[in-house]
Amino acid sequence: MAESLTHLINPKSQSALTAEESADREHQWWNAVSLEEFTDSDVPPRQILKDRELATVWIIDRSMTTAETSKCRLRRLDEKIAKYGEKWSLSGTTAALASDAAAERKVAGDPAELVLDGGFTVPDSNAFGHTFRDYDAESERKKTVEEFYSVNHINQTYEFVQRMRDAYGRLDKTEMSIWECIELLNEFIDDSDPDLDMPQIEHLLQTAEAIRKDYPDEDWLHLTGLIHDLGKVLLHPSFGELPQWAVVGDTFPVGCAFDECNVHSKYFKENPDYHNPEFNTKFGAYSEGCGLDKVLMSWGHDDYMYLVAKENKTTLPSAGLFIIRYHSFYPLHKHGAYTHLMNEEDKENLKWLHVFNKYDLYSKSSIRIDVEEVKPYYMSLIDKYFPGKLRW
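If you want it as C-alpha coordinates, here you go:
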(Lines of atoms letter the chains of each structure in order from A and count residues from 1; the text may use other names and numbers.)
(Lines give C-alpha, C1' and ligand atoms only; values in the text may rest on other atoms or scores of the structure.)
Protein backbone atom coordinates (compact mmCIF):
# COMPACT_ATOMS: atom_id res chain seq x y z
CA MET A 1 0.00 0.00 0.00
CA ALA A 2 1.17 3.51 -0.71
CA GLU A 3 2.69 5.19 2.35
CA SER A 4 0.40 8.16 1.84
CA LEU A 5 -2.54 5.87 2.59
CA THR A 6 -0.93 4.00 5.45
CA HIS A 7 -0.87 7.04 7.70
CA LEU A 8 -4.55 7.57 7.01
CA ILE A 9 -5.62 4.20 8.35
CA ASN A 10 -3.20 3.72 11.23
CA PRO A 11 -5.46 3.93 14.31
CA LYS A 12 -2.55 4.77 16.57
CA SER A 13 -2.15 8.07 14.77
CA GLN A 14 -5.72 9.14 15.52
CA SER A 15 -5.33 9.83 19.22
CA ALA A 16 -3.87 13.31 18.78
CA LEU A 17 -6.33 14.52 16.17
CA THR A 18 -8.92 17.19 16.81
CA ALA A 19 -12.45 16.62 15.55
CA GLU A 20 -11.79 18.92 12.59
CA GLU A 21 -8.55 17.13 11.73
CA SER A 22 -10.28 13.77 12.05
CA ALA A 23 -13.00 14.84 9.65
CA ASP A 24 -10.35 15.97 7.20
CA ARG A 25 -8.55 12.64 7.60
CA GLU A 26 -11.80 10.86 6.80
CA HIS A 27 -12.21 12.93 3.63
CA GLN A 28 -8.63 12.22 2.54
CA TRP A 29 -9.11 8.53 3.09
CA TRP A 30 -12.31 8.41 1.06
CA ASN A 31 -10.62 10.15 -1.86
CA ALA A 32 -7.68 7.77 -1.66
CA VAL A 33 -9.73 4.60 -1.46
CA SER A 34 -11.74 5.66 -4.50
CA LEU A 35 -8.55 5.70 -6.59
CA GLU A 36 -6.94 2.41 -5.61
CA GLU A 37 -7.86 -1.25 -5.40
CA PHE A 38 -6.95 -3.12 -2.25
CA THR A 39 -6.48 -6.75 -1.30
CA ASP A 40 -6.88 -8.38 2.11
CA SER A 41 -3.12 -8.26 2.51
CA ASP A 42 -3.35 -4.48 2.48
CA VAL A 43 -6.44 -3.57 4.46
CA PRO A 44 -9.89 -5.01 5.22
CA PRO A 45 -12.83 -4.03 2.97
CA ARG A 46 -14.12 -1.82 5.75
CA GLN A 47 -11.35 0.44 6.98
CA ILE A 48 -10.98 0.77 10.71
CA LEU A 49 -9.89 4.06 12.21
CA LYS A 50 -9.55 4.66 15.92
CA ASP A 51 -11.66 7.61 17.01
CA ARG A 52 -10.07 9.39 19.98
CA GLU A 53 -13.46 10.25 21.42
CA LEU A 54 -15.17 7.52 23.46
CA ALA A 55 -13.15 4.78 21.78
CA THR A 56 -15.64 4.61 18.91
CA VAL A 57 -14.57 3.49 15.48
CA TRP A 58 -14.78 4.81 11.97
CA ILE A 59 -15.59 2.52 9.14
CA ILE A 60 -15.28 3.57 5.52
CA ASP A 61 -17.25 1.15 3.38
CA ARG A 62 -16.56 1.50 -0.33
CA SER A 63 -20.15 0.56 -1.10
CA MET A 64 -21.48 3.52 0.88
CA THR A 65 -21.65 7.09 -0.29
CA THR A 66 -19.62 9.71 1.53
CA ALA A 67 -22.82 11.33 2.79
CA GLU A 68 -24.19 8.09 4.20
CA THR A 69 -20.85 7.26 5.80
CA SER A 70 -20.68 10.64 7.51
CA LYS A 71 -24.31 10.44 8.54
CA CYS A 72 -23.73 7.27 10.53
CA ARG A 73 -20.56 8.67 12.08
CA LEU A 74 -18.82 5.56 10.90
CA ARG A 75 -19.57 3.42 13.92
CA ARG A 76 -20.75 0.31 12.09
CA LEU A 77 -18.52 -2.74 12.42
CA ASP A 78 -18.82 -6.28 11.15
CA GLU A 79 -16.91 -9.48 11.66
CA LYS A 80 -13.84 -8.00 9.96
CA ILE A 81 -12.85 -6.60 13.37
CA ALA A 82 -12.22 -10.13 14.60
CA LYS A 83 -9.80 -10.64 11.72
CA TYR A 84 -8.14 -7.22 11.66
CA GLY A 85 -8.55 -5.94 15.22
CA GLU A 86 -5.15 -7.13 16.39
CA LYS A 87 -3.46 -5.94 13.19
CA TRP A 88 -4.72 -2.39 13.70
CA SER A 89 -4.31 -2.47 17.51
CA LEU A 90 -7.97 -1.94 18.30
CA SER A 91 -8.72 -2.05 22.01
CA GLY A 92 -10.70 -5.00 23.37
CA THR A 93 -13.39 -2.65 24.63
CA THR A 94 -13.89 -1.07 21.24
CA ALA A 95 -14.10 -4.40 19.49
CA ALA A 96 -16.49 -5.83 22.06
CA LEU A 97 -18.87 -2.89 21.84
CA ALA A 98 -18.94 -2.52 18.09
CA SER A 99 -18.35 -5.92 16.54
CA ASP A 100 -21.16 -8.08 15.26
CA ALA A 101 -18.83 -11.00 15.74
CA ALA A 102 -18.46 -10.17 19.41
CA ALA A 103 -22.23 -9.86 19.61
CA GLU A 104 -22.75 -13.46 18.57
CA ARG A 105 -21.36 -14.96 21.76
CA LYS A 106 -22.45 -16.93 24.80
CA VAL A 107 -21.26 -17.75 28.29
CA ALA A 108 -18.73 -20.55 28.56
CA GLY A 109 -17.01 -21.94 31.65
CA ASP A 110 -16.40 -18.50 33.09
CA PRO A 111 -19.70 -16.53 33.18
CA ALA A 112 -17.74 -13.36 32.47
CA GLU A 113 -16.31 -14.78 29.26
CA LEU A 114 -18.25 -14.76 26.01
CA VAL A 115 -17.35 -17.18 23.24
CA LEU A 116 -18.47 -17.38 19.65
CA ASP A 117 -21.51 -19.58 19.26
CA GLY A 118 -21.93 -21.65 16.12
CA GLY A 119 -25.25 -23.27 16.96
CA PHE A 120 -27.49 -20.66 15.35
CA THR A 121 -27.17 -20.15 11.62
CA VAL A 122 -27.78 -16.57 10.57
CA PRO A 123 -29.97 -16.56 7.44
CA ASP A 124 -28.94 -14.57 4.39
CA SER A 125 -32.22 -12.68 4.06
CA ASN A 126 -35.44 -11.78 5.81
CA ALA A 127 -38.97 -12.88 4.94
CA PHE A 128 -39.00 -10.39 2.03
CA GLY A 129 -35.75 -11.62 0.49
CA HIS A 130 -33.72 -8.58 1.63
CA THR A 131 -30.87 -8.21 4.10
CA PHE A 132 -32.00 -7.66 7.68
CA ARG A 133 -32.70 -4.11 8.88
CA ASP A 134 -32.20 -2.71 5.40
CA TYR A 135 -34.30 0.44 5.54
CA ASP A 136 -33.49 1.40 1.97
CA ALA A 137 -34.34 -1.90 0.28
CA GLU A 138 -37.14 -1.65 -2.23
CA SER A 139 -39.96 -3.71 -0.74
CA GLU A 140 -43.64 -3.36 -0.14
CA ARG A 141 -42.91 -2.27 3.45
CA LYS A 142 -40.30 0.42 2.74
CA LYS A 143 -42.77 3.30 2.52
CA THR A 144 -44.67 2.17 5.61
CA VAL A 145 -41.48 1.91 7.65
CA GLU A 146 -40.13 5.33 6.64
CA GLU A 147 -43.46 7.02 7.31
CA PHE A 148 -43.45 5.40 10.73
CA TYR A 149 -40.03 6.80 11.62
CA SER A 150 -40.86 10.29 10.42
CA VAL A 151 -43.80 10.52 12.83
CA ASN A 152 -41.88 8.77 15.60
CA HIS A 153 -38.87 11.09 15.45
CA ILE A 154 -40.96 14.24 15.32
CA ASN A 155 -43.12 13.37 18.33
CA GLN A 156 -40.84 11.53 20.77
CA THR A 157 -39.83 14.42 23.03
CA TYR A 158 -38.57 14.57 26.61
CA GLU A 159 -41.91 15.96 27.78
CA PHE A 160 -43.87 13.27 25.91
CA VAL A 161 -41.83 10.47 27.48
CA GLN A 162 -42.30 11.91 30.98
CA ARG A 163 -46.05 12.06 30.39
CA MET A 164 -46.25 8.48 29.11
CA ARG A 165 -44.13 7.10 31.95
CA ASP A 166 -46.36 8.84 34.47
CA ALA A 167 -49.56 7.55 32.87
CA TYR A 168 -48.50 3.97 32.23
CA GLY A 169 -46.09 3.54 35.14
CA ARG A 170 -49.06 3.38 37.49
CA LEU A 171 -49.86 -0.08 36.09
CA ASP A 172 -53.56 0.46 36.65
CA LYS A 173 -54.92 -0.69 33.28
CA THR A 174 -55.67 -4.34 34.07
CA GLU A 175 -54.44 -7.53 35.70
CA MET A 176 -53.56 -10.57 33.63
CA SER A 177 -51.01 -13.35 33.31
CA ILE A 178 -48.00 -13.35 31.01
CA TRP A 179 -49.62 -15.90 28.70
CA GLU A 180 -52.85 -13.92 28.48
CA CYS A 181 -50.77 -10.97 27.34
CA ILE A 182 -49.03 -13.11 24.73
CA GLU A 183 -52.40 -14.09 23.27
CA LEU A 184 -53.42 -10.43 23.01
CA LEU A 185 -50.48 -9.77 20.70
CA ASN A 186 -51.78 -12.19 18.09
CA GLU A 187 -53.69 -9.34 16.46
CA PHE A 188 -50.74 -7.06 15.77
CA ILE A 189 -48.07 -6.61 13.11
CA ASP A 190 -45.19 -4.19 13.75
CA ASP A 191 -45.18 -1.40 11.10
CA SER A 192 -41.62 -0.39 12.03
CA ASP A 193 -40.13 -3.79 11.20
CA PRO A 194 -38.78 -4.19 7.65
CA ASP A 195 -38.10 -7.90 8.19
CA LEU A 196 -41.41 -9.44 9.17
CA ASP A 197 -45.13 -9.08 8.67
CA MET A 198 -46.62 -11.86 10.80
CA PRO A 199 -48.36 -11.70 14.21
CA GLN A 200 -46.08 -10.96 17.16
CA ILE A 201 -46.62 -14.30 18.92
CA GLU A 202 -44.78 -15.95 16.03
CA HIS A 203 -41.74 -13.73 16.53
CA LEU A 204 -41.73 -14.25 20.30
CA LEU A 205 -41.68 -18.02 19.97
CA GLN A 206 -39.14 -17.96 17.14
CA THR A 207 -36.80 -15.90 19.31
CA ALA A 208 -37.26 -17.98 22.44
CA GLU A 209 -36.87 -21.32 20.67
CA ALA A 210 -33.74 -20.22 18.82
CA ILE A 211 -32.15 -19.15 22.12
CA ARG A 212 -33.26 -22.36 23.82
CA LYS A 213 -31.41 -24.49 21.27
CA ASP A 214 -28.10 -22.71 21.79
CA TYR A 215 -28.41 -21.90 25.52
CA PRO A 216 -30.27 -24.87 27.05
CA ASP A 217 -29.14 -24.02 30.59
CA GLU A 218 -30.04 -20.31 30.55
CA ASP A 219 -33.78 -20.62 31.11
CA TRP A 220 -34.06 -16.95 32.13
CA LEU A 221 -32.83 -16.03 28.65
CA HIS A 222 -35.43 -18.30 27.02
CA LEU A 223 -38.16 -16.51 28.96
CA THR A 224 -36.70 -13.10 28.19
CA GLY A 225 -36.90 -14.01 24.51
CA LEU A 226 -40.55 -14.94 24.91
CA ILE A 227 -41.65 -11.81 26.77
CA HIS A 228 -39.34 -9.10 25.42
CA ASP A 229 -42.01 -7.62 23.13
CA LEU A 230 -45.05 -7.96 25.40
CA GLY A 231 -45.10 -4.21 25.90
CA LYS A 232 -46.68 -4.02 22.46
CA VAL A 233 -50.02 -4.57 24.18
CA LEU A 234 -50.01 -0.77 24.31
CA LEU A 235 -51.49 -1.07 20.83
CA HIS A 236 -54.57 -2.80 22.23
CA PRO A 237 -57.79 -0.80 22.85
CA SER A 238 -57.82 -1.76 26.53
CA PHE A 239 -54.45 -0.03 26.91
CA GLY A 240 -55.43 3.14 25.10
CA GLU A 241 -54.68 1.87 21.59
CA LEU A 242 -51.55 4.00 21.30
CA PRO A 243 -50.34 4.74 17.76
CA GLN A 244 -47.52 2.53 16.53
CA TRP A 245 -44.99 5.39 16.64
CA ALA A 246 -45.46 5.45 20.44
CA VAL A 247 -45.06 1.70 20.84
CA VAL A 248 -42.60 0.15 18.39
CA GLY A 249 -39.46 0.99 16.44
CA ASP A 250 -35.84 1.61 17.42
CA THR A 251 -35.46 3.47 20.70
CA PHE A 252 -33.09 6.29 21.63
CA PRO A 253 -32.43 8.62 24.57
CA VAL A 254 -34.43 11.81 24.84
CA GLY A 255 -33.07 14.80 26.72
CA CYS A 256 -29.77 14.90 24.84
CA ALA A 257 -28.61 15.27 21.24
CA PHE A 258 -30.06 12.79 18.75
CA ASP A 259 -27.26 10.70 17.29
CA GLU A 260 -27.04 10.45 13.51
CA CYS A 261 -26.84 6.66 13.72
CA ASN A 262 -30.57 6.59 14.44
CA VAL A 263 -32.60 5.22 11.53
CA HIS A 264 -33.93 8.04 9.32
CA SER A 265 -32.33 10.61 11.65
CA LYS A 266 -33.16 13.47 9.27
CA TYR A 267 -36.66 13.62 10.75
CA PHE A 268 -35.34 14.66 14.17
CA LYS A 269 -34.88 18.17 12.79
CA GLU A 270 -38.63 18.62 13.19
CA ASN A 271 -38.59 17.46 16.82
CA PRO A 272 -38.92 20.43 19.26
CA ASP A 273 -36.09 19.06 21.42
CA TYR A 274 -33.72 19.30 18.46
CA HIS A 275 -33.79 23.09 18.86
CA ASN A 276 -33.90 23.17 22.68
CA PRO A 277 -30.46 24.11 24.13
CA GLU A 278 -31.26 22.12 27.28
CA PHE A 279 -31.56 18.92 25.28
CA ASN A 280 -29.55 19.29 22.06
CA THR A 281 -26.03 18.87 23.44
CA LYS A 282 -24.03 15.67 23.85
CA PHE A 283 -24.99 15.17 27.50
CA GLY A 284 -28.10 17.34 27.67
CA ALA A 285 -29.99 16.56 30.88
CA TYR A 286 -27.47 13.86 31.87
CA SER A 287 -23.83 13.47 32.87
CA GLU A 288 -21.00 11.29 31.66
CA GLY A 289 -21.26 7.71 32.94
CA CYS A 290 -24.52 8.43 34.75
CA GLY A 291 -25.93 5.02 33.85
CA LEU A 292 -28.71 4.18 31.42
CA ASP A 293 -31.17 3.70 34.27
CA LYS A 294 -30.96 7.48 34.77
CA VAL A 295 -31.69 8.16 31.09
CA LEU A 296 -35.17 8.64 29.64
CA MET A 297 -35.62 6.51 26.52
CA SER A 298 -38.11 7.18 23.75
CA TRP A 299 -41.44 5.77 24.89
CA GLY A 300 -42.51 2.39 23.64
CA HIS A 301 -42.95 -1.28 24.38
CA ASP A 302 -39.40 -1.76 25.70
CA ASP A 303 -39.71 0.73 28.54
CA TYR A 304 -43.28 -0.29 29.33
CA MET A 305 -42.49 -4.00 29.65
CA TYR A 306 -39.45 -3.14 31.75
CA LEU A 307 -41.69 -1.21 34.16
CA VAL A 308 -44.22 -4.06 34.25
CA ALA A 309 -41.56 -6.68 35.02
CA LYS A 310 -39.73 -4.57 37.59
CA GLU A 311 -42.80 -3.35 39.49
CA ASN A 312 -44.32 -6.85 39.56
CA LYS A 313 -41.16 -8.09 41.32
CA THR A 314 -39.84 -10.45 38.65
CA THR A 315 -36.89 -12.60 39.70
CA LEU A 316 -35.24 -12.35 36.29
CA PRO A 317 -31.56 -11.32 36.61
CA SER A 318 -30.59 -7.72 35.90
CA ALA A 319 -29.35 -8.75 32.45
CA GLY A 320 -32.88 -9.91 31.61
CA LEU A 321 -34.36 -6.56 32.58
CA PHE A 322 -31.61 -4.78 30.64
CA ILE A 323 -32.46 -6.79 27.51
CA ILE A 324 -36.16 -6.04 27.88
CA ARG A 325 -35.58 -2.29 28.22
CA TYR A 326 -32.88 -1.84 25.59
CA HIS A 327 -33.39 -4.53 22.95
CA SER A 328 -34.66 -1.88 20.50
CA PHE A 329 -31.82 0.51 21.36
CA TYR A 330 -29.97 -0.25 18.12
CA PRO A 331 -27.99 3.00 18.11
CA LEU A 332 -26.17 1.61 21.15
CA HIS A 333 -25.85 -2.11 20.66
CA LYS A 334 -25.31 -2.08 16.90
CA HIS A 335 -23.60 1.27 16.24
CA GLY A 336 -21.85 2.08 19.52
CA ALA A 337 -23.60 5.41 20.03
CA TYR A 338 -24.42 6.91 23.45
CA THR A 339 -21.73 4.88 25.26
CA HIS A 340 -20.77 8.04 27.15
CA LEU A 341 -23.94 7.60 29.23
CA MET A 342 -23.18 4.02 30.31
CA ASN A 343 -21.86 2.89 33.69
CA GLU A 344 -19.95 -0.32 34.48
CA GLU A 345 -23.08 -2.40 35.13
CA ASP A 346 -24.48 -1.32 31.77
CA LYS A 347 -21.32 -2.50 30.05
CA GLU A 348 -21.58 -5.93 31.65
CA ASN A 349 -25.25 -6.30 30.77
CA LEU A 350 -24.58 -5.13 27.22
CA LYS A 351 -22.70 -8.40 26.65
CA TRP A 352 -25.92 -10.31 27.17
CA LEU A 353 -27.87 -7.90 24.99
CA HIS A 354 -25.39 -8.59 22.20
CA VAL A 355 -26.04 -12.31 22.66
CA PHE A 356 -29.79 -11.78 22.61
CA ASN A 357 -29.87 -9.48 19.61
CA LYS A 358 -28.77 -12.12 17.14
CA TYR A 359 -31.81 -14.21 17.99
CA ASP A 360 -34.20 -11.28 18.18
CA LEU A 361 -33.17 -10.07 14.74
CA TYR A 362 -32.19 -13.12 12.74
CA SER A 363 -34.74 -15.66 13.98
CA LYS A 364 -37.47 -13.82 12.07
CA SER A 365 -38.57 -16.21 9.35
CA SER A 366 -41.61 -17.78 7.76
CA ILE A 367 -41.13 -20.99 9.78
CA ARG A 368 -44.00 -21.45 12.22
CA ILE A 369 -43.70 -22.75 15.80
CA ASP A 370 -46.20 -25.27 17.21
CA VAL A 371 -47.56 -23.19 20.08
CA GLU A 372 -49.27 -26.04 21.94
CA GLU A 373 -46.14 -28.16 21.83
CA VAL A 374 -43.88 -25.59 23.48
CA LYS A 375 -46.42 -23.89 25.75
CA PRO A 376 -45.96 -26.20 28.80
CA TYR A 377 -42.24 -25.44 28.94
CA TYR A 378 -42.72 -21.68 28.84
CA MET A 379 -45.55 -21.82 31.36
CA SER A 380 -43.11 -23.44 33.80
CA LEU A 381 -40.66 -20.57 33.28
CA ILE A 382 -43.37 -17.98 33.75
CA ASP A 383 -44.29 -19.60 37.08
CA LYS A 384 -40.64 -19.58 38.10
CA TYR A 385 -39.89 -15.92 37.40
CA PHE A 386 -43.26 -14.11 37.65
CA PRO A 387 -46.39 -14.06 39.80
CA GLY A 388 -49.53 -15.65 38.36
CA LYS A 389 -51.20 -12.30 37.72
CA LEU A 390 -49.41 -9.06 36.92
CA ARG A 391 -50.50 -5.45 37.09
CA TRP A 392 -50.34 -3.79 33.67
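Residues 67 to 458 in the working numbering are what the sequence shown spells out, letter by letter.
Built from N, CA and C at the ideal position, the CB exists for glycine as well.
Source: prediction; values computed, not measured.
{"Query": "Among the candidates H420, F422, P397 and S243, whose CA atom is the shortest distance from the CA of P319?", "Result": "P397"}
{"Query": "Of the residues A312, V217, M230 and Y425, which one's Cα is nearest the Cα of K298?", "Result": "A312"}
{"Query": "Please report the residue range of the alpha helix (DSSP H) in which N221 lies.", "Result": "K208 to N221"}
{"Query": "At the level of alpha carbons, what is the spacing between K348 and E439?", "Result": "49 Å"}
{"Query": "For a quick check, are the C-beta atoms of I244 and F452 less than 7 Å apart?", "Result": "yes"}
{"Query": "Around the Cβ of A403, are there at least 16 other Cβ atoms within 10 angstroms (buried) or fewer (exposed)?", "Result": "buried"}
{"Query": "Could you give the first and the last residue of the continuous alpha helix (DSSP H) run that contains G297?", "Result": "Unbroken run through G297: none, as it is neither H nor E."}
{"Query": "CB-CB under 6 Å to Y444, same chain, minus the five flanking residues each way: which ones, in chain order?", "Result": "L292"}
{"Query": "Cα separation between S331 and K376?", "Result": "31 Å"}
{"Query": "Distance check for N218 and E212, CA to CA, integer angstroms please.", "Result": "10 Å"}
{"Query": "What is the DSSP secondary structure of L308, counted as helix, strand or coil?", "Result": "coil"}
{"Query": "Note down the Cα distance separating S165 from Y425, rounded to an integer number of angstroms.", "Result": "Caution applies to S165, whose pLDDT of 40 falls short of 50 and renders its modelled position unreliable; the model cannot decide the point."}
{"Query": "Select from L270, Q228, L287 and G235 the residue whose C-alpha is nearest the C-alpha of T381.", "Result": "L287"}
{"Query": "What are the boundary residues of the alpha helix (DSSP H) that D283 is part of?", "Result": "No alpha helix (DSSP H) contains D283, which DSSP labels as neither H nor E."}
{"Query": "Rounded to whole angstroms, how far is the Cβ of L407 from the Cβ of C356, which I believe are closer than 8 Å?", "Result": "6 Å"}
{"Query": "Suppose contacts are defined by Cβ-Cβ distances below 7 Å. Is M371 in contact with L296 by that definition?", "Result": "yes"}
{"Query": "For E414 and Y333, I'd like the C-alpha separation in whole angstroms.", "Result": "32 Å"}
{"Query": "Go ahead and pull the three-state DSSP assignment for E326.", "Result": "coil"}
{"Query": "Can you tell me whether G366 is buried or exposed? The criterion is at least 16 other CB atoms within 10 Å of its CB, across all chains shown.", "Result": "buried"}
{"Query": "Near A323, what residues of its chain come up, given a Cβ to Cβ distance below 7 Å and the 5 sequence neighbours on each side ignored?", "Result": "N346, T347, K348 and G350"}
{"Query": "From the beta carbon of K417, is the nearest beta carbon of chain C less than 7 Å away?", "Result": "Going by chain labels, chain C is absent from the structure shown, which holds only one protein chain."}
{"Query": "Report, in whole angstroms, the separation of the C-beta atoms of M242 and K400, which I expect to be a contact under 8 Å.", "Result": "So it is not a contact: roughly 33 Å between Cβ atoms."}
{"Query": "Is the beta carbon of T223 closer than 7 Å to that of D359?", "Result": "no"}
{"Query": "Leaving out the 5 sequence neighbours to the left and right, which residues in its chain are closer than 8 Å to K379 when beta-carbon positions are compared?", "Result": "P453"}
{"Query": "What number of angstroms, rounded off, separates the C-alpha of N409 from the C-alpha of W418?", "Result": "15 Å"}
{"Query": "With a threshold of 16 other CB atoms inside 10 Å of the CB of E275, please say whether the residue is buried or exposed.", "Result": "buried"}
{"Query": "Cβ of S394 within 7 Å of Cβ of D368?", "Result": "yes"}
{"Query": "Quick one, are the C-beta atoms of I435 and L271 less than 7 Å apart?", "Result": "yes"}
{"Query": "According to DSSP, is L362 helix, strand or coil?", "Result": "coil"}
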